[in-house]
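These notes are about the structure you will find just below.
Given below as structure tokens:
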């Protein structure tokens, strides 16, 4: 056996070498974590695709789908060009600070060996942005022009929401540093902003033909309710990636923290996400007994507790989510009474639930400390932040869709809406063989016939 | 042509054209142009198909009218 004594210097070198290995593995684990969060988030978009196509009538199913796919394809490069730069440049308001490393021609915005993490963080944020685009996408189905939708979706997905994130998520964000804003699961910066952006667009877009007869709202049934329900469940699945992406995987000895650098862990998120999901379903079921809204309730529930996923007692999260489920259905009914045709209830599910989520944190968590040097959570801070999120979403959504409407670029002509966008614009049918009777004997033998 | 490193020792930003800011600006501009071009072509396609559809309807109405 070799009993050779190691000198202190040799020991120190060995420890340093081990330390370097540990640090490299921590960085790799961090990248792996966000990589899979991003992959899971893509399931949100698969879900929105199925959800919106199912919610459309058959004559518009493909148009709803292509719109959703193109939104994803447009928001990603747009977010690459300006989104990341906005997040890092505007935390203090509307005057940018100089952050050249976030510009698309910076060497930080590409493969770089000494910077692990930038790409996976960027990817997660890009897909948060794509989620805002999908929130808009469902509400406006069956009458918006794809070109107008893409302009609006790029605006919300790579400019508007990320400005909200710069103000409410960034470590120097003025809502955090001055008002102690708390929104760990993006209820405000993603859902409320996108929901109210959508409301602004819907006001200018107007309802689908036949939605209101003599001022009374009619039901326009989805062409495939099962597809819609499965799509919603896929969105819920993807939300585990979304919420995972909201938590910070720190290297070193810090462990998990929220985006605000306060301590938390995945268990906190798991408790409250699932309890919120269940509560929301029950709330919406109680309020409607409707399959579509029951499944949407899962989303309402998660969003309604998202702002405080790190601090809720799971039972309280369940109660908040159940209440939110009931209230958001009332919100959707109110919108309909106001003549707003939100085809999938996006404003209520994302906008109203997002706002409620922020307020509930203010109600239940006032006085809870934020990270060192930041004001504690307060109801007044959360209420003020709500107003900011609502305005930040609504004003650009309303303003830009108003301009598009004035230029006759927002909505398809009435005659096109009548026949269906698929047949006029895409020259395709989602189910070409539907309702075509069999006219000749099949070559494939019917095995059951001989039984 | 676009290689930005000659060896891996000490390499940081190793992706193609990382050493050439003007090329990176040009590529970013290309990304913008493709996005802008997509929206423009979709709008053109919509205008064309919608106009054709409205013309078809008007032709049909003319044929049916006594």
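Chains as they are written, first to last, in the numbering used here: chain Z, 1035 to 1485; chain C, 238 to 303.
Glycine is no exception: its CB is placed at the ideal position from the N, C-alpha and C atoms.
These figures come from a predicted structure and were not determined experimentally.
Would you report the Cα separation of residue i and residue j, rounded to the nearest angstrom?
i	j	result
residue 1091/Z	residue 1129/Z	45 angstroms
residue 1240/Z	residue 1422/Z	25 angstroms
residue 316/C	residue 1193/Z	Outside the displayed range of chain C (238 to 303) lies residue 316/C, so it cannot be described from this structure.
residue 1384/Z	residue 1360/Z	14 angstroms
residue 1035/Z	residue 1046/Z	Annotation note: pLDDT 48 at residue 1035/Z (below 50); position unreliable, no value reported.
residue 1313/Z	residue 1463/Z	39 angstroms
residue 265/C	residue 1115/Z	7 angstroms
residue 1307/Z	residue 1206/Z	27 angstroms
residue 1171/Z	residue 1155/Z	24 angstroms
residue 1183/Z	residue 1232/Z	11 angstroms
residue 1295/Z	residue 1344/Z	12 angstroms
residue 1203/Z	residue 1117/Z	14 angstroms
residue 1043/Z	residue 1053/Z	15 angstroms
residue 262/C	residue 1121/Z	20 angstroms
residue 288/C	residue 1419/Z	46 angstroms
residue 1051/Z	residue 1069/Z	27 angstroms
residue 1394/Z	residue 1354/Z	8 angstroms
residue 1368/Z	residue 276/C	34 angstroms
residue 1402/Z	residue 1439/Z	46 angstroms
residue 242/C	residue 1136/Z	22 angstroms
residue 1370/Z	residue 1102/Z	24 angstroms
residue 1248/Z	residue 1331/Z	30 angstroms
residue 1110/Z	residue 1181/Z	17 angstroms
residue 238/C	residue 1107/Z	29 angstroms
residue 1443/Z	residue 1061/Z	47 angstroms
residue 1081/Z	residue 245/C	42 angstroms
residue 1416/Z	residue 1238/Z	29 angstroms
residue 1428/Z	residue 250/C	40 angstroms
residue 1099/Z	residue 299/C	35 angstroms
residue 1243/Z	residue 1437/Z	22 angstroms
residue 258/C	residue 1410/Z	44 angstroms
Show which residues of chain C have a CB atom less than 7 angstroms away from the CB atom of residue i.
i	result
residue 1450/Z	287 and 290
residue 1507/Z	With chain Z covering 1035 to 1485 only, the question about residue 1507/Z has no answer from this structure.
Can we count residue i as close to the ligand SAH, meaning its CB is less than 7 angstroms from some heavy atom?
i	result
residue 1261/Z	The ligand SAH is not among the ligands present in this structure, which contains no ligands whatsoever.
Tell me, which residues are paired with residue i by DSSP?
i	result
residue 1118/Z	In DSSP, residue 1118/Z forms no bridge with anything.
residue 1246/Z	1251/Z
residue 1291/Z	1282/Z and 1297/Z
residue 250/C	1146/Z
residue 1091/Z	None, per the DSSP bridge assignment.
residue 1371/Z	Answer by DSSP bridge pairing: none, since residue 1371/Z is not bridged.
residue 1445/Z	1178/Z
Strictly below 8 angstroms CB to CB, what residues from chain C border residue i?
i	result
residue 1459/Z	282, 283, 286 and 287
residue 1184/Z	275, 276 and 279
residue 1180/Z	279 and 283
residue 1430/Z	Correct list: empty, because the minimum Cβ distance to chain C is about 17 angstroms.
Mind pulling the chain Z residues with CB within less than 9 angstroms of residue i?
i	result
residue 249/C	1141, 1146, 1147, 1148 and 1149
Closer than 7 angstroms by beta-carbon distance: list the chain Z residues that pair up with residue i, in chain order.
i	result
residue 272/C	1108, 1111 and 1112
Given that residue i touches chain C, what residues does it touch there, using C-beta distances under 9 angstroms?
i	result
residue 1446/Z	283 and 287
residue 1076/Z	By Cβ distance, chain C contributes nothing, its closest Cβ being about 20 angstroms from residue 1076/Z, past 9 angstroms.
residue 1115/Z	265, 268, 269 and 272
At a cut of 8 angstroms, does the region 1205 to 1214 of chain Z reach the region 1342 to 1349 of chain Z through at least three beta carbon pairs? no
Count the CB pairs spanning the region 1139 to 1150 of chain Z and the region 1221 to 1235 of chain Z that are closer than 8 angstroms, and state whether there are at least three. no
Just to confirm the assignment: which complete alpha helix (DSSP H) runs, minimum length 4, are found wholly within the region 1409 to 1437 of chain Z? none
Continuous alpha helix (DSSP H) assignments of at least 4 residues falling wholly in the region 1107 to 1190 of chain Z: 1118 to 1123, 1152 to 1173 and 1180 to 1189
With contact counted as at least three CB pairs below 8 angstroms, one residue from each stretch, are the region 1055 to 1062 of chain Z and the region 1136 to 1145 of chain Z in contact? no
Given 8 angstroms, three or more beta-carbon pairs between the region 1085 to 1099 of chain Z and the region 1364 to 1380 of chain Z: yes
Taking contact to mean 3 or more Cβ pairs, one atom from each stretch, closer than 8 angstroms, check whether the region 270 to 287 of chain C and the region 1157 to 1167 of chain Z are in contact. no
Completely contained alpha helix (DSSP H) runs for the region 1344 to 1402 of chain Z, where each covers 4 or more residues: 1348 to 1371 and 1387 to 1399
Taking one C-beta from the region 1249 to 1261 of chain Z and one from the region 1454 to 1463 of chain Z each time, how about it: are there three or more such pairs within less than 8 angstroms? no
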